[in-house]
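Asks: Residue numbers (full-length UniProt numbering): 1 to 602.
We treat Cβ as the ideally placed atom computed from N, Cα and C, and that holds for glycine.
Fair warning: this is a prediction, and the values are worked out from it, not measured in the lab.
First the structure, which I've put down as structure tokens, then a few questions once you've had a look.
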């Protein structure tokens with residue numbers, strides 16, 4: 001058994017709650033822009049004073065509508081300014097926010113709203129409103145439904161709440177906003193649910209204070225008030241998005257929102273954040289798109305050489321003596337030719353990014369650090385209020401998920417499971433004592449993940465306990481290592497390793513449907529249909545090279561011997577991934593049982 005901890009850098013206020021942040025900002029930084037709001041195609045600054053006033057006005061409407069202290073209010077919307085505004089309004093009214101993914105089905109909405117006992121629901125679109133309305137007969141406790149962006153010309157939720165609360169006095173709001181203490185529930189975040197129904201994780205105000213306070217202090221150079229900014233495009237229904245929301249207002253630095261990731265490149269250029277938050281797939285797309293564009297313009301060899309130099313330069317930074325003179329000269333040349341353009345595409349101001357939700361991989365980690373844009377990988381779960389480990393900006397170890405959150409402890413159990421202890425942890429699963437007892441024992445949260453700690457306390461995740469495969473030959477295989485390596489290839493969207501009880505390890509692959517047409521054009525195969533492309537010998541050879549590269553990361557007994565290509569990517573709509581893009585392995589195995597069988601029989 002091994003464990004590692006770091007001393008806390010932030011002290012949680014015992015009698016405070018998250019609404020203290022916006023009151024403090026208005027008092028200490030009244031004219032500082034704490035949020036950037038997009039209106040009529042342009043970014044507008046929202047000062048700390050204005051934001052507090054808008055939050056309090058909406059909170060008055062919630063109070064007037066009968067939301068009581070501790071009352072649960074559901075919030076279903078894409079990432080946008082109103083999400084953050086209403087989140088803090090719910091807290092200011094003394095309520096508890098229940099996020100709902102905007103892609104959720106009526107059945108999922110019904111479960112989350114009924115299980116949480118939501119008394120009101122805020123939605124964004126007509127489709128969201130219709131989805132809630134379709135199950136409202138199952139929700140007798142749901143008294144109110146407001147829409148952020150109605151299409152029929154009626155008042156928006158914010159305007160309606162502001163008007164409804166006009167008669168509520170300031171003293172009432174002051175009383176409500178101070179009703180919760182650090183140990184009061186702030187939110188119930190439902191897990192994505194790779195198996196069974198989602199469970200509601202109860203996160204307190206203390207959880208967020210401990211999490212965000214220590215993140216901000218450890219990464220303080222990235223959170224400089226009046227200078228820093230972060231552009232949030234991840235779903236705020238996901239706990240990682242909420243970490244950024246609260247941390248930005250805690251610092252405070254300017255927070256921007258992007259609803260549609262298709263516009264991300266343009267928004268990065270116009271907002272110009274100093275910090276970028278993303279998931280590995282975003283950074284993979286940046287790399288793959290840049291390389292594809294270079295190939296299309298006849299500069300593929302230059303890009304590949306620049307990528308090799310960036311990786312070598314980054315690795316040399318970790319060695320005694322650092323990069324050699326020759327490497328520094330090559331790096332300077334490619335900085336003018338390639339790296340500077342890539343940094344400009346990411347807004348031009350950011351030197352660091354924070355990545356979570358899955359492993360980035362050493363190759364991309366070194367590539368981005370080599371071009372002057374260090375991606376700090378972290379690791380966490382909903383139950384740990386997002387990041388429970390992360391790489392420090394001044395001492396990152398590429399390929400690891402960093403050191404423990406200051407003030408917390410990471411322990412590796414005798415069987416390799418990662419155990420967590422700290423103030424940032426959830427207090428339990430809502431209405432589910434059995435699941436709580438199974439996950440929390442003696443103050444330690446059992447993550448279900450497998451990992452190792454090095455001598456400096458940097459954590460590496462090696463797999464999931466429940467996902468370990470045992471081949472017919474008795475070999476234990478952790479799928480994550482090889483899956484992540486194979487998925488790093490530009491053509492591959494998803495990889496799921498199979499082989500439990502089988503004679504060897506196989507894999508199901510899906511092809512990235514955005515990148516496939518580019519590949520077809522580069523190889524003169526535009527005339528082929530989608531299905532014909534998937535069986536094209538050249539494409540299969542390319543996929544085989546990705547599998548071969550993945551096999552280099554594991555032993556021969558763990559390597560993928562054969563694979564099958566599926567016709568379409570896994571999507572949330574198809575039921576094969578969660579809203580946070582985690583594979584539902586059981587569903588995939590059931591739906592593609594014939595394809596798995598073909599790996600071993602054809």
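Under three-state DSSP, which class holds residue 38?
Replies: Of the three classes helix, strand and coil, the one that applies to residue 38 here is strand, per DSSP.
Asks: Which residue wins for smallest C-alpha separation from residue 482, given the options 506, 343 and 404?
Replies: Nearest of 506, 343 and 404 to residue 482, Cα basis: 506.
Asks: Output yes or no for whether 7 Å exceeds the beta carbon distance between residue 19 and residue 92.
Replies: Yes.
Asks: Going by DSSP, what residue range makes up the alpha helix (DSSP H) through residue 63?
Replies: It spans 48-64 - the alpha helix (DSSP H) in which residue 63 sits, taken as one unbroken run.
Asks: Which same chain residues end up closer than 8 Å to residue 461 when comparing Cβ atoms and leaving out the 5 residues on each side of it in sequence?
Replies: Taken in chain order, the residues that qualify are 359, 379, 401, 418, 449, 450, 451 and 480.
Asks: With distances taken Cα to Cα, identify the nearest neighbour of residue 41 among 62, 263 and 349.
Replies: Nearest C-alpha to residue 41: 263.
Asks: Is any beta-carbon of chain D found at less than 7 Å from that of residue 3?
Replies: Judged by its chain identifiers, the structure shown contains no chain D, having just a single protein chain.
Asks: What three-state label does DSSP hand residue 90 in the structure shown?
Replies: If DSSP states are grouped into helix, strand and coil, residue 90 belongs with the helices.
Asks: Count the other CB atoms, across all protein chains shown, that sit within 10 Å of the CB of residue 332; report buried if there are 16 or more and exposed otherwise.
Replies: The residue in question, residue 332, is exposed, as its Cβ has fewer than 16 Cβ neighbours within 10 Å.
Asks: Measure the beta-carbon distance from residue 503 to residue 472 and round it to whole angstroms, keeping in mind my assumption that it falls under 8 Å.
Replies: Right, the Cβ-Cβ distance comes to about 5 Å (below 8 Å), so this counts as a contact.
Asks: What are the start and end residues of each continuous alpha helix (DSSP H) run of 4 or more residues lying completely inside the region 455-532, in chain order?
Replies: Fully enclosed alpha helix (DSSP H) runs of 4 or longer: 479-487 and 516-522.
Asks: Excluding five sequence neighbours on each side, which residues of the same chain lie with their C-beta closer than 8 Å to the C-beta of residue 225?
Replies: Contacts found: 29, 32, 251, 252 and 253.
Asks: Which stretch, first to last residue, makes up the alpha helix (DSSP H) that contains residue 334?
Replies: Where residue 334 is concerned, the enclosing alpha helix (DSSP H) stretches over 325-334.
Asks: Where do the ends of the alpha helix (DSSP H) carrying residue 303 lie?
Replies: Start and end: 300-317.
Asks: Counting only runs of 4+ residues fully inside the region 97-133, write out the alpha helix (DSSP H) ranges in chain order.
Replies: Listed in chain order, the complete alpha helix (DSSP H) runs (minimum 4 residues) inside the region 97-133 are 106-116.
Asks: For the region 69-76 against the region 179-189, do three or more pairs of beta-carbon atoms, one drawn from each stretch, fall closer than 8 Å, so that the two count as touching?
Replies: With a cut-off of 8 Å, the region 179-189 and the region 69-76 count as touching, because enough Cβ pairs lie within range.
Asks: In the DSSP assignment, what are the bridge partners of residue 185?
Replies: In DSSP, residue 185 forms a bridge with 204.
Asks: Once the 5 residues before and after residue 279 are set aside, which same chain residues still bring their CB inside 6 Å of it?
Replies: Excluding sequence neighbours, residue 279 sits near 357.
Asks: Tell me whether residue 135 sits in a helix, a strand or coil according to DSSP, three-state version.
Replies: Coil, per DSSP.
Asks: Does the distance from the C-beta atom of residue 22 to that of residue 52 stay below 7 Å?
Replies: Against a cut-off of 7 Å, the Cβ pair of residue 52 and residue 22 comes out as a contact.
Asks: Starting from residue 600 and walking both ways along the alpha helix (DSSP H), at which residues does that stretch end?
Replies: Element bounds for residue 600: 593-601.
Asks: Output needed for residue 343: all residues of its chain with C-beta closer than 7 Å, excluding positions within five of it in sequence on either side, in chain order.
Replies: Here the set comprises 371, 372 and 373.
Asks: Quick one, are the C-beta atoms of residue 229 and residue 265 less than 7 Å apart?
Replies: No, Cβ-Cβ distance for residue 229 and residue 265 is not below 7 Å.
Asks: So who's on the other strand from residue 232, going by DSSP bridges?
Replies: Beta-bridge pairing links residue 232 to 257.
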